[in-house]
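Visitor:
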Amino acid sequence: MLPGMSGTTVFRVPGMSCGHCVEAVEDELSAVAGVESASADLETKLVTVRGSALDDASLRAAIAEAGYEAE
Ligand SMILES: [Cu+2]
Numbered sequence: 088m089l090p091g092m093s094g095t096t097v098f099r100v101p102g103m104s105c106g107h108c109v110e111a112v113e114d115e116l117s118a119v120a121g122v123e124s125a126s127a128d129l130e131t132k133l134v135t136v137r138g139s140a141l142d143d144a145s146l147r148a149a150i151a152e153a154g155y156e157a158e
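Each residue of the sequence shown is one higher than the one before, starting from 88 at the first, in my numbering.
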């Protein structure tokens with residue numbers, strides 16, 4: 088991996104309301120290419136995605152696939 092290619096992206100997903108929402112979002116994001124970890128926080132509604140060469144559109148599409156919208 089090239090230096091500088093690894094990073095963190097944070098999305099706000101206000102529609103998450105319970106643990107199942109969190110799991111659904113994390114599961115979909117984990118399946119995206121380059122994603123090393125995806126962690127959603129129910130209280131802050133923030134989803135933190137870590138990985139390499141993350142593609143913003145792909146991550147947003149995964150969140151949409153889970154049934155939610157990233158702000
Ligand atoms: Cu829920």
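Note that CB positions come from ideal geometry on N, CA and C, so glycine has one too.
Might you give, ordered along the chain, the residues of its own chain that have their beta carbon closer than 7 Å to the beta carbon of T135, omitting 5 neighbours on each side?
Guide: If we look at T135 and ignore the five residues flanking it on each side, its Cβ neighbours are T95, V97, S126.
Visitor: Using the beta carbon as the reference atom, which residues fall closer than 7 Å to any heavy atom of ligand 1, ordered along the chain?
Guide: With the cut-off at 7 Å, the residues found are M103, S104, C105, G106, H107, C108.
Visitor: Under the rule that 16 or more other beta-carbon atoms within 10 Å means buried, what is A151, buried or exposed?
Guide: So A151 counts as exposed.
Visitor: Do you know how far the Cα of A140 is from the Cα of S93?
Guide: Cα-Cα distance, rounded: 6 Å.
Visitor: Could you pull the start and end residues of the beta strand (DSSP E) that G106 belongs to?
Guide: From DSSP, G106 is part of no beta strand (DSSP E) but of the alpha helix (DSSP H) over 106 to 117.
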